[in-house]
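**Student:** This structure is in C-alpha cells; I'll ask about it shortly.
Protein chains in written order, with my numbering: chain A, 1 to 275; chain B, 1001 to 1541.
Laid out in C-alpha cells, this is it:
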C-alpha cells in the first residue's frame, strides 16, 4: 500500500541538549550526514562534526568575497557571527540550510550588521566569487525584504584557508567527485572567534539562533541544545514484513486473549460462594 | 445492613496482620487493604521525589542561562521527573491504592479474585521501581531522553536507557496483572443485589481503566522490547540506514502511552463522581451516561495516539482522522462534566475538603481538556508543539485533574482507612494554597508557550524571564500547600479524633463498615437493596 516511499527526508529533532562535558565523553557524532546518491557506498567514517565549543577559530584566514575582493576573517568577525559551511553548487542540503537561514534571519529581533553578521563560506576550493554572488542574490531574494547586504557575506577561498577553518571547528567533510559528504550544521562565534554554539540541521528556530547570538555577545559558551539527526532515506515497508508480522501477531494474540477472557467471565458469571 | 462488628476503638486490618508479625505481615499480606496501603506508601514516596525534581527544574528556569545546573543535568532531571511521575505515581496511583482498598468493599466482596496475584503485582511494582531508581546511579548516568524514550536518540545515547526501559517493562506487567484482577473481581465477586446498575461509578471507571491496561500495556512491552533489541542487538528496526523506520517507534509508543493518559485520568474522574453526590446529598445525575462515558473515553481514547505526531511526518489524511477522533474524546469527557454540574444543581452542598478538591478538579480539568483541543487540532498544534504550552496543558490534566482527584480521594477515604479525622480547617487552607500555587505555576507556562518558549530547554531568551519567575514562585507556593496538606493528613492519621464509621454520610458499602475496616471486610456478605447514590430513597447509615 505505501510502496516505495522513496527518498523521504525525515528530520527528527530531539530536543535534547548536551553539556560541553558530556560531549567530550560521547562517541563521535552520530550521522548528521547527508548522503548523496553516488556517495552512498564510500566510507564516511572520517566525515562528521566534532564539536569544539569554547575553542577559537583563526581570524587571520583570508577569503574572497562575492565581489572578488580579498577579506580576512578579522575584518568580518567583529561581533557575534553566524558561520555556515556550505558549497554553492550543492544539489540539495546546503540549499535547504541556506534557505533555512534566509527564513529565520528576518525573524530575529536583533539588528543585522550591528548586533550580528552571517558568513556563508564555501568549502569547495574550486568555487568562484561569481557563484557566491549568484547564491547571494538568490537568498537575498528569498529573504524578501530589506536586509543590509554587508550583514550576510558569501565567501570562497583556497583549500589551505578552508581546511584551517573547518579543522578548527571540527567540521570534517569529504569530496566525492563533484560533490561532498558533509555534516549539516552552522555555528556561531563571538567577536574574538570563540565558538559558542553549534546548530544542527537545515531549519533553525529564531529562539535558538537568538540565544546563540546573545551568548556570543556576552562571551558565554552555550550547549548544543537542539541536536538534529538528519537522514535521507528510502523506506519500503513491504520489504520489512517481519517487523510488521511480529506486531500483527502480537496485536492479534493480545486482542484474542482479551476477548476470550471477557467471554469466559461473562459465560461463567458470578462465582458461587462457599459458606 | 450496617455491620459494625468490631468495637469502635479497634484498629481493624491495621492491627490484624494474619500469618506473619510486624513488617512481614505487611509485605507478605494478601489482604487487599494492606496491599493498597503498601502501594500508598511507595507511590507517595516516589511522588515526593518527583515533586523535589520538579522544584529543581523550576529553580533552574528561574532566570535565563545556566542557573544551577548544566544542560545535561537538566535533561536527566526532566527525564527522571517524567518517568517517576508517569510510571511510578500517576499510572498506578489511584487504581493500585484506592482501587485495591475499595473495589472489593464497594461490590461487597472480601477480597479481589486473585489475592496472591495482587501481592505479586505489588512486588513487581517495587522491583521495577528499584530498577528504575538504580538506573539513575549506575551505567552511563541517568537517562536523558525524556520519558518518551524516542528513537533514534534513545538508541544512541550513552546514558543508562536500557535499565530504565527494562524497569518500565516490568512495571507494565504489574499494571496488566492488576487490570486482570480487577476485571475478574468486578465480574465474579459482586455481592447479591449489586447488579451492573448498582456499581458505584468509581468501580465503573476502574473497570474501564482495567480494560485499557489489559489491551494497551502489552503494546508498551513490545515497544520496549524492540527498543532494547535496537540498542543491544542493533536490530535496525528504527534505523533508516538498515531499512527501519524511526516514526514506527513513535506510533508504537503512543499506541500505549496515549491510552495510558486515560488510565491516569479515568480513576480520578471515578473518585470525583463518588465525592460529588455525597457532598451534594443528591443522587448522581445521569448514572448510565457517566458509566458509559467511562467506557467511551476508554474506547475512543485508544484510537487517538497520532495526535502526538502531527509534526513528525504523517499523511494529511492520517492527521485529519486523528484530529477528528481527538475531538470525539471530548464528548464523553464533557458528558461527565455536565453530569457533575447537574448533580450539584439544587443539591445541599457542603464544602468539606474532599468536595473542594473535587470541585477544583472540574475547574482544572476543564482548562486542561479545552487546551487539549487546541493541541488536538492540527493547525494550532503546529504552532504550540513542543512548547511550554504542552507542559502546562499536560499538568492541568494530570496534576490538576488526576492529582487533585487523588488528594480528594485521600481526604475522602483516609478517615475510613485510619479511623481518624484530620483537621478540616488546615486541610481547607492547604487546598487553597495548592490551588493558587498550581494556577500560578502552570498558567504562566501556557502563556509562555503561546509566546514561543520551547519545552525541555534549560535556557531561554531574556523576554521570557518575567513569567518564568512567576511560574517558579508558583511552584514554591504549590510545594508549601503540598507540605501543609501532607503534614495535616499524617497528623490526622496518627492522632486525630476518631472519625466514626460514616463521617461524610456516604451510601456506598465502605461506610457500613467500621473505620478502619476489619481484616475480613464483611462477616456476612451483604445483600444490597439500593443504589450507591439513592439519597432520595434512603438516608445514610
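The beta carbon of each residue, even a glycine, is placed where N, CA and C say it ideally should be.
1) Please check if any C-beta of chain A sits within less than 8 Å of the C-beta of residue 1183 of chain B.
2) Around the Cβ of residue 1341 of chain B, are there at least 16 other Cβ atoms within 10 angstroms (buried) or fewer (exposed)?
3) Answer yes if the segment 1250-1257 of chain B comes into contact with the segment 1309-1320 of chain B, meaning at least three C-beta pairs across the two stretches below 8 Å, and no otherwise.
4) Could you give the DSSP three-state label for residue 1381 of chain B: helix, strand or coil?
5) Which residues does DSSP pair with residue 48 of chain A in a beta bridge?
6) Going by DSSP in three states, residue 56 of chain A sits in which element: helix, strand or coil?
7) Going by the DSSP bridge assignment, what does residue 1431 of chain B pair with across the sheet?
8) Starting from residue 1393 of chain B, trace the alpha helix (DSSP H) both ways and give me its first and last residue.
9) I'd like to know if residue 132 of chain A contacts chain B, where contact means its C-beta is closer than 8 Å to some C-beta of that chain.
10) Please go through the same chain and pick out, in chain order, the residues whose beta-carbon is closer than 6 Å to the beta-carbon of residue 261 of chain A, but skip the five residues on each side of it.
11) Taking 8 Å as the threshold, find out whether the segment 1033-1052 of chain B comes into contact with the segment 1091-1102 of chain B through three or more Cβ pairs.
12) Give me the Cα-Cα distance between residue 76 of chain A and residue 1315 of chain B, rounded to the nearest whole angstrom.
13) So what's residue 1188 of chain B in DSSP terms, helix, strand or just coil?
14) Should residue 1468 of chain B be listed as close to the ligand COA, given that the test is whether its C-beta is under 7 Å from any heavy atom?
15) Check the C-beta distance from residue 1094 of chain B over to residue 1402 of chain B and give it rounded, since I have them as a contact under 8 Å.
16) Does residue 84 of chain A come out as helix, strand or coil in the three-state DSSP assignment?
17) Against chain B, does residue 36 of chain A count as a neighbour if the rule is that its beta carbon must be under 8 Å from one of theirs?
18) Beta carbon of residue 1329 of chain B, beta carbon of residue 1362 of chain B: below 8 Å?
19) State the Cα-Cα distance for the pair residue 126 of chain A and residue 181 of chain A, rounded to the nearest angstrom.
20) Spell out whether any CB of chain B is found under 8 Å from the CB atom of residue 258 of chain A.
21) With distances taken Cα to Cα, identify the nearest neighbour of residue 1165 of chain B among B/1220, B/1460, B/1042, B/1246.
22) Which value, in whole angstroms, describes the spacing of the CA atoms of residue 1287 of chain B and residue 1201 of chain B?
23) At a CB-CB cut-off below 8 Å, which residues of chain B make contact with residue 210 of chain A?
24) Does the beta carbon of residue 1187 of chain B sit closer than 8 Å to a beta carbon anywhere in chain A?
25) Looking at residue 1300 of chain B: is its Cβ nearer than 8 Å to the Cβ of residue 1260 of chain B?
26) Taking the alpha-carbon positions, what's the residue 47 of chain A to residue 1042 of chain B distance?
27) By the criterion of Cβ-Cβ separation under 9 Å, what are the contact partners of residue 1452 of chain B in chain A?
28) Within the same chain, show all residues whose beta-carbon is closer than 8 Å to that of residue 1387 of chain B, passing over the 5 residues directly before and after it, in chain order.
29) For residue 1310 of chain B, does the three-state DSSP call read helix, strand or coil?
30) Using beta carbons (cut-off 8 Å, strictly below), is residue 1218 of chain B in contact with chain A?
31) Over the uninterrupted alpha helix (DSSP H) stretch that includes residue 1129 of chain B, give me the two end residues.
32) To the nearest angstrom, how far is the alpha carbon of residue 12 of chain A from that of residue 155 of chain A?
33) Which residue or residues does DSSP assign as beta-bridge partners of residue 200 of chain A?
34) With residue 110 of chain A as the anchor, note down where its alpha helix (DSSP H) starts and where it stops.
**Tutor:** If we stick to the structure as given:
1) yes
2) exposed
3) yes
4) helix
5) A/172
6) strand
7) DSSP lists no partner for residue 1431 of chain B.
8) 1388-1395
9) no
10) none
11) yes
12) 45 Å
13) helix
14) You won't find the ligand COA in this model; it holds no ligand whatsoever.
15) 7 Å
16) strand
17) Caution applies to residue 36 of chain A, whose pLDDT of 37 falls short of 50 and renders its modelled position unreliable; the model cannot decide the point.
18) no
19) 16 Å
20) yes
21) B/1220
22) 8 Å
23) 1461
24) yes
25) no
26) 49 Å
27) 205, 206, 207
28) 1448, 1449, 1450, 1452, 1453, 1454, 1455
29) coil
30) yes
31) 1115-1137
32) Because the pLDDT at residue 12 of chain A is just 31, under 50, the model does not fix this residue reliably, and the value given afterwards should be weighed accordingly. Residue 12 of chain A and residue 155 of chain A: Cα-Cα distance of roughly 30 Å.
33) A/185
34) Residue 110 of chain A -> no alpha helix (DSSP H), and no H or E assigned at all.
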